[in-house]
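J.:
Numbering (this note's numbering), first residue to last: 1 to 298.
(1) Residue 190 to residue 199, Cα distance in whole Å?
(2) Give a yes or no on whether the C-beta atoms belonging to residue 252 and residue 261 are separated by under 7 Å.
(3) Can you tell me which of 246, 87, 265 and 280 puts its alpha carbon nearest to the alpha carbon of residue 259?
(4) Since residue 168 contacts residue 235 with CB under 8 Å, what's their CB separation in whole angstroms?
(5) Quick check on this structure: which residue in 133, 179 and 185 has the alpha carbon closest to the alpha carbon of residue 160?
(6) If you run the structure through DSSP and keep just helix, strand and coil, what is residue 300?
(7) Given a cut-off of 7 Å on the beta-carbon distance, is the pair residue 74 and residue 102 in contact?
(8) Per DSSP, which one or two residues make a beta bridge with residue 255?
(9) By the three-class DSSP mapping on this structure, what secondary structure does residue 264 have?
(10) I need the DSSP call for residue 298, collapsed to helix, strand or coil.
(11) Going by other Cβ atoms of all chains shown within 10 Å of its Cβ, with 16 needed for buried, is residue 292 buried or exposed?
(12) Do residue 113 and residue 147 have their beta-carbon atoms positioned less than 7 Å apart in this structure?
(13) How is residue 94 classed by DSSP in three states: helix, strand or coil?
(14) Would you report the Cα separation of residue 68 and residue 207, rounded to the nearest angstrom?
(15) With DSSP as the reference, identify every bridge partner of residue 278, one or two as the case may be.
(16) Could you check what DSSP says for residue 159 in three-state terms: helix, strand or coil?
(17) Can you tell which of 193, 264 and 95 has the C-alpha that lies nearest to the C-alpha of residue 156?
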């Protein structure tokens, strides 16, 4: 009875041990099969993975070469010196970007090359989703480069037009040349930034139309104000053109209380050399008073 009792009590433990041995055997088999499958799959993709790694390394080298070539090419055309003459240089430093314009463009070209390389590598590894995402970013970088160039050359154009306007108005003597020049620069810059933003893919046609209407109204008002304020100057300028046909430089003239020799013509008057010095006579005075052109006695 005692032996039968012992056999009966040891039976569950034997079953448990047998079950554990079976589980361990199956687990060992599954692990081996999984490891074998992983090894086979790794060996299948190893050539592609190795090729992808080599492509990435080669792309990095090519990107570094392109970066240096881009920086040297832009330095040859003195892009950094041109940018230094525009507000863009201060704007970049103001937002914490201390790289030169050539360095920024060089980095954009560098990462464009890297992204193209990664697209090739992901296609080799059949990573379609990664490839599609990289293609979106890659298509966007040329737009950023184009927008940056638009801003650079647009600012140069704005500065050039400002200088031309200031010099032209200064020669006429109308005044307000700095204010008008600054206004012209700001108008050009607004359209430059709008063009750059649209180049980035943002549709700002509604804003552009309203800005055009606004600046057209401002230009019309400023034009009328300048014409009204310069009415006397414009009138004298037209009359001075008529005087040049009748009076020669070096002629002795007498107009009002002024007597002397014509030294030169200004935009709106006549410079007469008198005994007291050079006197500028407004052209309108010749048409409101009688003037005399003295002839040399033979």
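Built from N, CA and C at the ideal position, the CB exists for glycine as well.
T.: Walking through what the data contain:
(1) Sequence index remark: in the chain shown, residue 190 carries index 190 (1-based). Sequence index remark: in the chain shown, residue 199 carries index 199 (1-based). Between residue 190 and residue 199, the alpha-carbon positions lie close to 14 Å from each other.
(2) The count along the chain shown starts at 1 and reaches residue 252 at position 252. The count along the chain shown starts at 1 and reaches residue 261 at position 261. Yes; because the gap between Cβ atoms is below 7 Å, this pair is in contact.
(3) Taking the first residue of the chain shown as 1, we reach residue 259 at position 259. For the options 246, 87, 265 and 280, the alpha carbon positioned closest to that of residue 259 is the one of 280.
(4) Against the chain shown, residue 168 aligns to sequence position 168. Against the chain shown, residue 235 aligns to sequence position 235. Actually they do not touch by this definition, with Cβ atoms about 19 Å apart.
(5) For the purposes of this step, residue 160 is identified with residue 160 of the chain shown, where counting begins at 1. Between residue 160 and the set 133, 179 and 185, the nearest pair of CA atoms involves 185.
(6) Any answer about residue 300 is impossible in this case: the structure gives the chain only from 1 up to 298.
(7) To locate residue 74, count along the chain shown from 1; it is residue 74. To locate residue 102, count along the chain shown from 1; it is residue 102. Contact: yes.
(8) Residue 255 sits at position 255 when you count from the first residue of the chain shown. Residue 255 is bridged to 258 and 291.
(9) By 1-based counting over the chain shown, the position of residue 264 is 264. Residue state, collapsed to three classes: strand.
(10) Residue 298 sits at position 298 when you count from the first residue of the chain shown. With a pLDDT of 43 at residue 298, under the threshold of 50, the predicted position of this residue should be treated as unreliable, and no value is reported.
(11) On the chain shown, residue 292 is found 292 positions in, with the first residue counted as 1. Exposed, since its Cβ has fewer than 16 Cβ neighbours within 10 Å.
(12) Counting from 1 along the chain shown, the entry for residue 147 is found at position 147. Counting from 1 along the chain shown, the entry for residue 113 is found at position 113. At least 7 Å separates the beta-carbon of residue 147 from that of residue 113.
(13) Your numbering for residue 94 matches position 94 in the chain shown. In the structure shown, residue 94 sits in a helix (DSSP, three-state: H, G or I).
(14) Counting from one through the chain shown, the residue named residue 68 turns up at place 68. Counting from one through the chain shown, the residue named residue 207 turns up at place 207. Near 39 Å, if we compare the C-alpha coordinates of residue 207 and residue 68.
(15) On the chain shown, position 278 is the one that residue 278 refers to. Beta bridge pairing from DSSP links residue 278 with 273.
(16) Counted from its first residue, the chain shown places residue 159 at position 159. In the three-state DSSP reduction, residue 159 falls in the helix class (H, G or I).
(17) Translated into the one-based positions of the chain shown, residue 156 becomes position 156. Distance check between residue 156 and each of 193, 264 and 95 places 193 closest, using alpha-carbon atoms only.
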